[in-house]
Every structure is written in structure tokens, then in C-alpha cells.
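Engineer: First residue of the sequence shown? That's 0 in numbering that gives the first Met the number 0, and the numbers climb one at a time after it.
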Amino acid sequence: MDLRKELQRNPVADEVQALIAVVIPILRGVLFAIKDEAMHDAGGIDAIRLRQIPRAYRPGDGDCGISFEYAVHDAIARGNPIVLDRISTALSEHCRIRGGDPASILFGAEKSGAVQLIQTAREVLTDDSRLLSGTRGQPVKLKRHIDAVAAAFRRSNARQLLPESINGLWKADLFVGDRAPDQWVGTTVKINPRHLEGAQGLRLAVVPSQQGRNDAIRRDEQRNLIVVPLPYDGSFMEVFYQGWQIVQQFIHADACVPREVHLPRPPDRQVCRFLEERREFPVIDVLAALQPLAQPELLATQEGNLDVSLRRGEESDTSLLIAPMASQG
Numbered sequence: 000m001d002l003r004k005e006l007q008r009n010p011v012a013d014e015v016q017a018l019i020a021v022v023i024p025i026l027r028g029v030l031f032a033i034k035d036e037a038m039h040d041a042g043g044i045d046a047i048r049l050r051q052i053p054r055a056y057r058p059g060d061g062d063c064g065i066s067f068e069y070a071v072h073d074a075i076a077r078g079n080p081i082v083l084d085r086i087s088t089a090l091s092e093h094c095r096i097r098g099g100d101p102a103s104i105l106f107g108a109e110k111s112g113a114v115q116l117i118q119t120a121r122e123v124l125t126d127d128s129r130l131l132s133g134t135r136g137q138p139v140k141l142k143r144h145i146d147a148v149a150a151a152f153r154r155s156n157a158r159q160l161l162p163e164s165i166n167g168l169w170k171a172d173l174f175v176g177d178r179a180p181d182q183w184v185g186t187t188v189k190i191n192p193r194h195l196e197g198a199q200g201l202r203l204a205v206v207p208s209q210q211g212r213n214d215a216i217r218r219d220e221q222r223n224l225i226v227v228p229l230p231y232d233g234s235f236m237e238v239f240y241q242g243w244q245i246v247q248q249f250i251h252a253d254a255c256v257p258r259e260v261h262l263p264r265p266p267d268r269q270v271c272r273f274l275e276e277r278r279e280f281p282v283i284d285v286l287a288a289l290q291p292l293a294q295p296e297l298l299a300t301q302e303g304n305l306d307v308s309l310r311r312g313e314e315s316d317t318s319l320l321i322a323p324m325a326s327q328g
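1. Short check: CB of residue 274 to CB of residue 18, under 8 Å?
2. For residue 167, count neighbouring Cβ atoms within 10 angstroms of its own Cβ and tell me buried if that reaches 16, exposed if not.
3. Given a cut-off of 8 Å, decide if residue 172 and residue 148 are closer than it, judged by their beta-carbon atoms.
4. Leaving out the 5 sequence neighbours to the left and right, which residues in its chain are closer than 8 Å to residue 195 when beta-carbon positions are compared?
5. In whole angstroms, what separates the C-alpha of residue 15 from that of residue 102?
6. Which term fits residue 159, buried or exposed, when burial requires 16 or more other beta carbons within 10 angstroms of its beta carbon?
7. With residue 165 and residue 136 assumed to form a contact (beta carbons below 8 Å), what rounded beta-carbon distance in angstroms separates them?
8. Starting from the Cα of residue 179, find the closest Cα among 96, 28, 24 and give me that residue.
9. Excluding sequence positions up to five away, which residues of its chain have a Cβ less than 8 Å from the Cβ of residue 141?
10. Where do the ends of the alpha helix (DSSP H) carrying residue 243 lie?
11. State the CB to CB distance for the pair residue 73 and residue 29, rounded to an integer number of angstroms; the pair is presumed to be in contact (CB under 8 Å).
12. By the DSSP assignment, the beta strand (DSSP E) with residue 266 in it spans what residues?
13. Residue 330 by DSSP, collapsed to three states: which one?
14. Between which two residues does the beta strand (DSSP E) harbouring residue 217 extend?
15. Touching or not, the region 53-60 and the region 283-292, by the rule of three or more beta carbon pairs under 8 Å?
16. In this structure, how does DSSP classify residue 174 when only helix, strand and coil are distinguished?
17. Helix or strand or just coil, what does DSSP make of residue 208?
18. Could you compute how far the alpha carbon of residue 152 sits from the alpha carbon of residue 139?
19. Answer yes or no: do residue 261 and residue 252 have a C-beta to C-beta separation smaller than 8 Å?
20. Which residues in the same chain as residue 110 place their Cβ atom closer than 7 Å to its Cβ, once the five residues preceding and following it in sequence are excluded?
21. With DSSP collapsed to three states, give me the class of residue 260.
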């Protein structure tokens, strides 16, 4: 198996820096979970200030899952060694995609009136990009169907226009694959493994590992999915949940440092201090300002940039967006 390994220079050189790195994509996920009307009242996505988030944001059941999608996507794209090793093994040993350069495309749509990103990464996909669905027959060309898949999420009557082999691809959260063979698989990302469901076109499932369960990559024959559990203790999932707690408690405290009983760990409170100092600035600017404070150079090798495009609602026009930075567990 040709597997690329990207080792960390330091597992966690500084806990505060590592937490900032994971708070960035989580806070971005919260930003894009704000409903259109509330965002408009706050001045738009480029103008909304950090102190306005507690009034504009209404927590939803799927918000943690959206942030988890961001974190998994960027961990693959940036070369997080823990996540990359699991994804590479799943692709090469279970999906027959071998190339040594795994990549991720974040795919989302408008859910429950909330604005969410659709990043189609058109510079990554080519006219020959193939989607492997785990079924017999010639793999479909992904780029040709990408707009139809997005339309199928929003309108049930558009789903019948998709080829039968991928008529459930609109349920995908990511497209994961490899640039070298130009092959991809529809991927579902679930923060709650019990919510996993199979569909025509989906092949990979990324979930947190569960206590008392084997965390080996496994094939779910009933759902036709390759299930990839991500490790928890002292690893990717633990840092992710710490970051999620920080963001939620900060919002609950009206964009201020929470009381110690709500956030007793000193590193968590320090991250909130950095945020509180910037509560009068636009959220987009705060996210950019936090980047230099996140733990730098965790990896010994450097990943190439992933160009992505942004689409909202039913518009097919795209614009460039920089993806958030995921934490290293």
C-alpha cells in the first residue's frame, strides 16, 4: 500500500494554540448556521460583529454536526496525520483508490432555512473525475452531475433526474478521493453514528469512535458503507469537543468570558479572553486574526492549497473562499 505519512513536529506544543486552531472552523460553522434574515439584520456576513452572534445565532440540533464536517474536511485537506491515515487506508484497501494524495471537497446545501456552504472545488474536479459508488457498472463523471446533485438536495422532484447509481448522492457531506487517479467517493459525516444511513452514491462514512466499540475501519454491508471511526481519547475528537464547548459557552455568556463554573479549565478560558478582546470586530476579521495564534507547523511536510468555490441557496455562480483550519489532536 502506497500511504503518505505526515508526522507532527509536536503532538501539542501549546494547548491554547491547539484549541484556537479548532475553534476557528467551529466558529465559522456557527457563523454560517445563522439564518438569512438574522444575518441581514446584522449587516451581512462580512459585517456582523462577534458581539452580535449571541443575538443572531439560534442553536440547532445539527450545528455541532456542521462544525464536525468542517473539521474533518480540513483535516484531510491539510494532512492531519491521524485523520489522513484512516482515510488513506479506507480509500486504498476498501475503495480501490490508490494514489497517495487524498483530498476532500466540502459539499453542503441550505438546511432548515440556515445558510451553509457549498464548496465544489471546481479547480480540483476535472471532466474525467469519476465517482466510485461500490456498485457494478461504469463510474459516473462527478463534475458533470455536481449541479444536479445540489439541486436534488433542495428539490425532491430533481432527484429523479440523477442516474440511478447516484440518486442518493445529494445526502453526501464530502467528496473524498485522490487527485492522481482522479477518483472520488460520496462521503457522509455524522457526529452521531446512530444517524448513519446508506444511499445510492454514498460509499464512505466518517464518525467518532464509540466507547466499548472496535474502532477499526469496517464494511457495513447493510448500508453499503465503509465506516471510518475517528479516535477520541487524547486525539482528534477530544480536541474537537473541547473547542465546541468553548464556542457554545462563549456565545451563552454574551460573547464574554464565561463564569468559571461554566468553563473551569484555564486554557479554555484563555481562548475566550482572546475572543472577548475582539468582540467589537467583524467575525470574518476575527477568524483571520486568530490564525497566527493557532499552533503553527504541526506537520513536518507542507500540503498544497485546496481551491474551493462558494455557492448559496440555489445560485450556481461561485466565488473563492478560504477553508477553515482544523485542529491537530
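From the three backbone atoms N, C-alpha and C, an ideal C-beta is built for every residue, glycine too.
Structural biologist: Reading it off the structure:
1. no
2. Burial call: buried.
3. no
4. Excluding residues within five positions, the ones whose Cβ falls inside 8 Å are 187, 189, 204, 206, 219, 222, 224, 226.
5. The straight-line gap from Cα to Cα measures roughly 28 Å.
6. Per the 10 Å Cβ criterion, exposed.
7. Wrong, their Cβ atoms sit about 11 Å apart, outside the cutoff.
8. 96
9. 124, 128, 129, 130, 174, 183, listed in sequence order.
10. It spans 235-251 - the alpha helix (DSSP H) in which residue 243 sits, taken as one unbroken run.
11. Wrong, their Cβ atoms sit about 16 Å apart, outside the cutoff.
12. Per DSSP, residue 266 belongs to no beta strand (DSSP E); it is in the alpha helix (DSSP H), 265-275.
13. The structure shown has nothing for residue 330, since the chain only spans 0 to 328.
14. 217-219
15. no
16. Here residue 174 sits in strand by DSSP.
17. Taken through DSSP and simplified to helix, strand or coil, residue 208 comes out as coil.
18. 18 Å
19. In contact: residue 261 and residue 252 (Cβ atoms closer than 8 Å).
20. Its pLDDT being 47, under 50, residue 110 is placed unreliably by the model, and nothing is read from it.
21. Coil, per DSSP.
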